[in-house]
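Just below is one structure, and these are the notes that go with it.
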Amino acid sequence: MTSFIQVGILWNYQNEGLPTNFLWNIFASSNKKVPSDISDYVKFFRITATEGYDESHFIIDETHEHYDKLTNEVLYYLSNLLEGKEILRRQIYHEEDWGEVVVKKSFVFEFKTIVNTSTLAALLNVESNESQEFNGVYKVALLPRIDSNNNIGLYVYDGSRTYGYVLPFSEKGLSREKYNDILISLEEDDGYSYVVMNEWMGINKTPYRIKPDILIPRGSASEDFPDIISTVPQIIRDIDTTSKEDLEKIAAKVLGSDKERLTWGVDLDNSIVFRNPSKTYKIHRDGLMEYKYLSQYDKADKGSEIDALHRAIEFIAKVADLVKGAEIYLSGINSDKDGYYTFTFDYKVSQRPVSFLEYPVNTGKEAFINNAIEINANKKKVLSCYWILKEFSVGSNTLKVRTYPFDLLDDVFKKYDHLNFYNFSVKDVITSYDAKYSKNEEHLKPIWLIETMDGRNFTVEMNEIKGE
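So my numbering is basically just the index in the sequence shown, starting at one, shifted up by 642.
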């Protein structure tokens, strides 16, 4: 099977432009039984490219002509790395050395969360080398000019250290010249460009800790944002809770084959409830869906991360067509729980993330979630889920928004006056759409989202430029 996959990868290189999930689809046919739609959820959050220090950094999103080619490239080299194949040189660096990697001539691929090497190996259908230095992959960089020979540099950042490897260029993959051509085409494009914090901090010091690879908009002080409209899915929004036909329709959508085994009714808060002795679904009028497995579960069934992730994605795939106009991506993995894993997923609309921060959930007490989907699962089943079901569309207006970032952190300390410089840190700064609790149509506002190293989130509303 492995040789067939390698042939498939090489064939894919010869037919550049095939979708990224070509690889995942081959991997999915293996005996590991990876769901065929895994590529819809486990994907890179961001790809960036730069010519080097003090040069512009460009974001390559999924609509870009080079996105699939570059993703296939890095998956090929990651497969070889995980198997311990064709590694010419290797070296372990400190965490802070990642900041030096991203200012070299490079293509950087970022997951939104650290993906365990065993999980990644299973997705790629390779056997992970037991002597592998790192346990997870958070960010990866390809350096096409690592030396004067026909070799490529592959750097892995696992959140705590940086690992450097040199491998030979694939004979059927992108050449060094092709990487150069991609960079030239990005520079000739009129798209937005960025610098990274490591370059900016050369002349600006901060009193708090800040990651060196954070992207900062370069040049233009404004950017156009589509007008994103969020609504509760129509099937929930328009339901007549006194109509058996309407209830059966939503039961078929949400429950699938489970619908014949659950009874349904309407709660006092007008939410729709489906239940049997072992499980319950509750759908609120704002689009929030709650699921709970009510029976006891064996903590010994925690299993591997990949098996639990399969269960989570199977659960999502059954209901995902209720979410219109957005892509769903894996945004977080917590493996520290006793007996299960917690996975979070979020939405992207028009290539930008949508943030649900402190979104209230109806548990009978004051409680919140910070992601569109939060799932607890073990190797056998999903144990619980909160899912904010929404439909998204693009309005006719365009918002011109101020993106000058250098007063951003001052704005954070003004808004959150309990913060102080010396216990503050910045892990990432991204532009996002801010979604709040609503049963009605909502026009989402662009925000700066500041993620700290200790897992907190702070937001600052971006200022719209009017009258231009």
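Just so it is clear, CB atoms sit at the ideal spot from N, CA and C, and this is done for glycine as well.
- For the set 713, 807, 864, 744, the Cα lying nearest the Cα of residue 1105 is the one of 864.
- Burial of residue 804 is indicated by the presence of at least 16 other C-beta atoms within 10 angstroms of its C-beta.
- Contact check for residue 743 against residue 783 passes: the beta carbons are separated by less than 7 angstroms.
- Annotated three-state conformation of residue 961 is helix, per DSSP.
- Taking C-beta atoms as the reference points, residue 867 and residue 1047 fail to come closer than 7 angstroms.
- If you look at residue 781, you'll find it in the beta strand (DSSP E) that goes 778-785.
- About 14 angstroms separates the beta carbons of residue 1077 and residue 992, which is beyond the 8 angstroms limit, so they are not a contact pair.
- Here DSSP, grouped into helix, strand and coil, assigns residue 1019 to strand.
- The Cβ atoms of residue 693 and residue 781 lie no closer than 7 angstroms to each other.
- Cβ-Cβ separation between residue 836 and residue 857: approximately 4 angstroms, consistent with a contact (criterion under 8 angstroms).
- Looking at 1098, 818, 735, the one whose alpha-carbon comes closest to that of residue 798 is 735.
- For residue 786 and residue 741, the gap between their C-alpha atoms comes out near 17 angstroms.
- Assigned with DSSP and collapsed to three states, residue 822 falls in helix.
- Going by DSSP, residue 797 is part of the beta strand (DSSP E) stretching over 793-799.
- In the three-state reduction of the DSSP assignment, residue 907 falls in the strand class.
- Per the DSSP secondary-structure output, residue 1068 pairs in a beta bridge with 852.
- At a Cβ-Cβ threshold of 7 angstroms, residue 871 and residue 1035 count as neighbours.
- According to the DSSP assignment, residue 764 belongs to the alpha helix (DSSP H) that extends over 759-766.
- For residue 804, the enclosing beta strand (DSSP E) covers residues 804-810.
- In the three-state DSSP reduction, residue 1052 falls in the helix class (H, G or I).
- DSSP places residue 691 in the uninterrupted beta strand (DSSP E) bounded by 688-692.
- Rounded to the nearest whole angstrom, the C-alpha separation of residue 1070 and residue 895 is 37 angstroms.
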